[in-house]
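*Asks:* The numbering of the sequence shown is this note's numbering, which starts it at 154 and goes up by one.
Have a look at this one.
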Amino acid sequence: MKCECDIFNQNYLGNREHFIRFNQKGQLVGDMPSIFRKGDKLFFAIEGPDFTNSPLQKKIKEYKDKLGKIKYKNLSIESQLLFPDSTAFEEYKKSISSYLPQIDKIDINSIYTLSVQWQEKKNCPKTDTLTFDITKAPCDSVAISKVFEVPCDLDEAQVGFTLTRQNIDNILMASYLKENKDCYGQWGQYAPNFNKVKNDFIKKAKVIDDSLHAFDYSVLMGTVKDSLPSENLQKLLKDNNNLTTVNTYLEKALLNVPENKEWMKKWLWLTGLNTPAMNPFDKIKIDNNSILNVDKELAATQRRIDAIGLVIKNSQLSDNNDKIIKKYLNELDTLQQKVVELTDKKKDLTNRKEAYEKWLIEREISSNLLYAGTLFVSEAEQINWMPHYNALNNYRLSNAPNSIPSVVADIDAVRPLVFNLRRGTKAFAEETVTPFTLTTPITDAFNAWGKLFDGILAQANNVGSSVAATNVILANLSNKEKIVNDELEAKRKSLDNVKISFETTKTLATFTDNSGTTVPQQTFRMSEIESPNSQQKKPNKKITEDAEKIKKASINNSKEQINAIRTLGEITKTSLIESIESYQLLKQDTIKLYKERAEIKQKKKLLEVFLQSRQRFSFATAQLKWLNAQTNPPLQINVKPNTDTLYHTDWAEAREIKEKKGAVIIGYDLSVSDGKTATKVVKNASYKQYDLPRFWYGVGLAYIPKPRYTSVYDETKGLFVNNAEPQQLDIVVGAKIYLFKPMNQMRTCKLAKYTHYGKCYDYLRGNGHINRLSMFVGLGVRYKFLRNYFVGLGYDIIPGININAGYNFYFKRSYEIENGKLLNSYERLASGGVYYSITTDVEVFKRLVQLINPF
154 MKCECDIFNQ
164 NYLGNREHFI
174 RFNQKGQLVG
184 DMPSIFRKGD
194 KLFFAIEGPD
204 FTNSPLQKKI
214 KEYKDKLGKI
224 KYKNLSIESQ
234 LLFPDSTAFE
244 EYKKSISSYL
254 PQIDKIDINS
264 IYTLSVQWQE
274 KKNCPKTDTL
284 TFDITKAPCD
294 SVAISKVFEV
304 PCDLDEAQVG
314 FTLTRQNIDN
324 ILMASYLKEN
334 KDCYGQWGQY
344 APNFNKVKND
354 FIKKAKVIDD
364 SLHAFDYSVL
374 MGTVKDSLPS
384 ENLQKLLKDN
394 NNLTTVNTYL
404 EKALLNVPEN
414 KEWMKKWLWL
424 TGLNTPAMNP
434 FDKIKIDNNS
444 ILNVDKELAA
454 TQRRIDAIGL
464 VIKNSQLSDN
474 NDKIIKKYLN
484 ELDTLQQKVV
494 ELTDKKKDLT
504 NRKEAYEKWL
514 IEREISSNLL
524 YAGTLFVSEA
534 EQINWMPHYN
544 ALNNYRLSNA
554 PNSIPSVVAD
564 IDAVRPLVFN
574 LRRGTKAFAE
584 ETVTPFTLTT
594 PITDAFNAWG
604 KLFDGILAQA
614 NNVGSSVAAT
624 NVILANLSNK
634 EKIVNDELEA
644 KRKSLDNVKI
654 SFETTKTLAT
664 FTDNSGTTVP
674 QQTFRMSEIE
684 SPNSQQKKPN
694 KKITEDAEKI
704 KKASINNSKE
714 QINAIRTLGE
724 ITKTSLIESI
734 ESYQLLKQDT
744 IKLYKERAEI
754 KQKKKLLEVF
764 LQSRQRFSFA
774 TAQLKWLNAQ
784 TNPPLQINVK
794 PNTDTLYHTD
804 WAEAREIKEK
814 KGAVIIGYDL
824 SVSDGKTATK
834 VVKNASYKQY
844 DLPRFWYGVG
854 LAYIPKPRYT
864 SVYDETKGLF
874 VNNAEPQQLD
884 IVVGAKIYLF
894 KPMNQMRTCK
904 LAKYTHYGKC
914 YDYLRGNGHI
924 NRLSMFVGLG
934 VRYKFLRNYF
944 VGLGYDIIPG
954 ININAGYNFY
964 FKRSYEIENG
974 KLLNSYERLA
984 SGGVYYSITT
994 DVEVFKRLVQ
1004 LINPF
């Protein structure tokens, strides 16, 4: 585009620097640029606090720090399956780097990437990729991108930018999983056999479990002789066949598939050292067939229920049908219970499927598009002012103070931008256009002063009227006083012989103005060994309190024990067992009681055998529970970029573009919509737009140095008489005709600074010196109004004050006289010579006259 002011041989390009700042969430922060010109330099910055410490990196660091302090004896039962002795554990700690993701492979300077898009030529998009030098940005600081300089041959007025952040945690996790997936042996191949082993163990161990709890209860109640377990209980615990099934299954799962041990070691940093798992992600892939099978079973069960209901309804109540009906009713209860179980199973499968899918979507993201923004580029032919409104800060204007003018030229545009909008939210505007009368600042000032002066005159008139009225009242009072004095004088004369003394007391009136918010030792019951998704019962608060009383009473061995036992007698056996289980008294406190009794010490060997057997039973129970919770992990995560923008900037373009000719006030209602809720107006703003009129009227004084005396022929006397008219000082009324781009009549020094980017910018907006030049054409008022002309060149000192100089022309009467006799008279155009004038706006002149002659 060719600049209109190439006559000045100006190719001005700005060189200011702009910073656009992001926080680590990808939100824009700080002040946004109000104007962005060709040739300007643009920097992008990301604020800290920490660019390299991701959640995964933190977890790995915490694991390494904690690992060095843990000793082998502190490992859980599950962890001892991986490390049979302390030597194996120490070897693991020494080679820990091979069991962790390699964080050093990530180039931290590529975590954030910023792309700038623009059109170099028509249908020729360009992209510039900027990186951030994070290595030079310590914590709590700012990482700065490389500079982007707006091309001078930019074809379109918009520049877009996008900020992308690499998800290093997902990239590391996917890479680490791919490297180690061959270490895993499929767990699902053992599932059918495991279910049989689990069920068999539960059946056999239930007797032991109940017997142990019954024994513990008897010990606490003091009803067991010599406080020793019964022979039946000891026999149950000595029967190793009850433990063989569990141990055998562990050997099949771990020893025959040794790679699973290595697999679990690879993921201890994620699962925790004491909680190894074959599925470190705790998410299970559920296929649709599993849910469809449950649906089919539910439908079949429901059909059977409907059929039974129909049979019962149609059966006749007779002796022959009672047994049949009872049978069907029992079956109906079983089927209804099955419906409940299948419904819960379907719900569980659905929830697990949704949780897995959500987890997988999150883990497959290699990068996130944090922000997509836009800026409008300005040049001399058009400035695009950009008021930025922050959607995360109640749509507050977020430009530097006083960086956007309230008055703009008609060749410029105001582009309201709403930034930090969330995904799916749009912004737009509704415009209103109202014409206004263009006036100069001096006219505005004089009008303001004139209104003040008018008010003073009005008050003066009011005061004058009051004074006049007061004078009348005082005059009347004087007349009345004289009459009274005359009457008193007459009475005095009539009373010559009487002397009367008068005392006058004057009272003055006074007016007063009153303004006046230790991991318990592991002990397991068989009721805990359920599905991997079963939930533990929360301990009963009342039972917990009673169990605590028993514990204290057992230790004190006083009357409190009796009171506590009596209180406990009111609670069912099941509640007591739950209480004991809640506080883990089955093992720890019971053993303590044994050791405190003398008779137990005498039979120490028998007790030790009992305790060892009980410990083996607890280990087998814990192992079975752990095995029951194992699932197959996902062995592949395919990462890909997420192209959905998290935040963006939207240009609030007017829905209806209205004509904006001349001097107008443009208002806009800023609205946002997320497509779900109703559209709401969030901001109202307005600005003035001025045009550049070619003609501007003025009134002023003109001075003609050369006298313009004329002679008038007096026919009566036959002589020429000197005429003092026209005088050298005249009042002129005329119009300024701007020779170039007209002057901005609303210009002030403050307003001109907003666009003072070079002569080209100034000229096109009427703010240059050449814009002030004009030709003046006017008429004299004092002498022959329509026959007294002033033509000259002028210069506006300020809008509303013009000085000009030129020539005066007026019509002068001439006479033809022959032999002293007037034959003819006519008027001819004569030059009055050079004039000098100062003019102002008509309104200003009127106010000046009013000041000189206010009445």
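For each residue, glycine too, the CB sits at the ideal point set by N, CA and C.
Just so we're clear, the structure is a prediction, and the values are computed from it rather than from any experiment.
1. Between the Cα of Glu584 and the Cα atoms of Ser927, Tyr821, Asn432, Leu904, which residue gives the shortest distance?
2. Could you spell out the range, first to last residue, of the beta strand (DSSP E) harbouring Glu584?
3. Assuming Thr855 contacts Ser990 (C-beta within less than 8 Å), just tell me the rounded distance between them.
4. Could you pull out every residue in the same chain whose Cβ sits closer than 6 Å to the Cβ of Asp867, ignoring the five residues on either side in sequence?
5. Compute the Euclidean distance between the alpha carbons of Val944 and Tyr850, then round it to the nearest angstrom.
6. Specify whether the region 801 to 815 and the region 577 to 595 touch according to this definition: at least 3 beta carbon pairs, one from each stretch, less than 8 Å apart.
7. DSSP state of Glu532, grouped into three classes?
8. Taking C-beta to C-beta, are Pro540 and Ile557 nearer than 8 Å?
9. Please report the residue range of the alpha helix (DSSP H) in which Asp915 lies.
10. Report back the beta-carbon spacing between Val817 and Val586 to the nearest angstrom; my notes put them in contact at under 8 Å.
11. Could you check which residue in Ala562, Asp994, Val835 has the C-alpha nearest to that of Lys841?
12. Could you tell me whether any Cβ in chain B is nearer than 8 Å to the Cβ of Trp416?
13. Less than 8 Å between the C-beta atoms of Trp538 and Asp565, yes or no?
14. Would you call Glu215 buried or exposed, if buried means 16 or more other Cβ atoms sit within 10 Å of its Cβ?
15. Per DSSP, Phe123 is paired with what?
16. Tell me where the alpha helix (DSSP H) around Met185 begins and ends.
17. Closer than 8 Å by C-beta to Ser207: which residues in its own chain qualify, once you throw out the five before and the five after it? Chain order, please.
18. May I have the straight-line CA-CA distance separating Gln233 from Lys224, to the nearest angstrom?
19. Buried or exposed for Ala717, please, with buried defined as at least 16 other CB atoms from any protein chain shown within 10 angstroms of its CB.
20. Say whether the region 501 to 514 touches the region 432 to 449, bearing in mind that this needs 3 or more beta-carbon pairs closer than 8 Å, one atom from each stretch.
21. Assign Tyr329 to one of two classes, buried (16 or more other C-beta atoms within 10 Å of its C-beta) or exposed (fewer than that).
22. Considering only their Cβ atoms, is the gap separating Glu415 from Trp779 smaller than 8 Å?
23. Is it buried or exposed, Cys902, if we count other Cβ atoms within 10 angstroms and call 16 or more buried?
24. Mapping the DSSP letters down to three states, classify Trp126 as helix, strand or coil.
25. Helix, strand or coil for Tyr509 per DSSP?
26. Please report the residue range of the beta strand (DSSP E) in which Asp803 lies.
27. Thinking just about the alpha-carbon of each residue, which of Lys212, Gly577, Tyr910 is nearest to the one in Gln535?
28. How is the alpha helix (DSSP H) around Thr424 delimited, first residue to last?
29. Any idea if Pro554 is buried or exposed, counting beta-carbon neighbours within 10 angstroms, 16 or more meaning buried?
30. State the start and end residues of the unbroken alpha helix (DSSP H) segment that holds Met326.
31. Is Arg318 helix, strand or coil by DSSP?
32. Quick check on Ser732: does DSSP put it in helix, strand or coil?
33. Between Val995 and Val852, what straight-line distance do the alpha-carbon atoms span, to the nearest angstrom?
34. Strictly by DSSP, which residues pair up with Trp271?
35. With distances taken between CB atoms, is the gap from Lys894 to Leu946 smaller than 8 Å?
36. Three-state secondary structure (DSSP) at Met928?
*Replies:* Let me spell this out:
1. Tyr821
2. 579 to 588
3. Before going further, note that residue 855 is Ala rather than Thr in the sequence given. 4 Å between Cβ atoms; contact.
4. By the criterion of a C-beta distance shorter than 6 Å, Asp867 is surrounded in its chain by Val874, once the five residues flanking it on both sides are discounted.
5. 14 Å
6. yes
7. Glu532: strand per DSSP, three-state reduction.
8. yes
9. 912 to 917
10. So it is a contact: roughly 5 Å between Cβ atoms.
11. The residue with the shortest Cα to Cα distance from Lys841 is Ala562.
12. Reference to chain B is not applicable here, since this structure consists of a single protein chain.
13. yes
14. exposed
15. Because the chain here runs from 154 to 1008, residue 123 falls outside it and cannot be looked at.
16. Note, Met185: premise wrong, no alpha helix (DSSP H); not H, not E.
17. Ile321, Asp322
18. 12 Å
19. Because Ala717 sits at a pLDDT of 45, beneath the cut-off of 50, its placement in the model cannot be relied upon, and the following sentence gives the value as read from the coordinates. By the C-beta density criterion, Ala717 is buried, having at least 16 other C-beta atoms within 10 angstroms.
20. Taking 8 Å as the limit for Cβ pairs, the verdict is that the region 432 to 449 does touch the region 501 to 514.
21. It is buried - the Cβ of Tyr329 has at least 16 other Cβ atoms within 10 Å.
22. no
23. exposed
24. This structure does not reach residue 126, given that the chain is present from 154 up to 1008, and the question cannot be answered.
25. helix
26. Segment 800 to 804, the beta strand (DSSP E) holding Asp803.
27. Among Lys212, Gly577, Tyr910, the Cα nearest to that of Gln535 belongs to Tyr910.
28. 421 to 424
29. Label assigned to Pro554: exposed.
30. 321 to 333
31. strand
32. Low local confidence applies: a pLDDT of 42 at Ser732 is under 50, so the model's placement there is unreliable, and no value is given.
33. 6 Å
34. Lys279
35. no
36. strand
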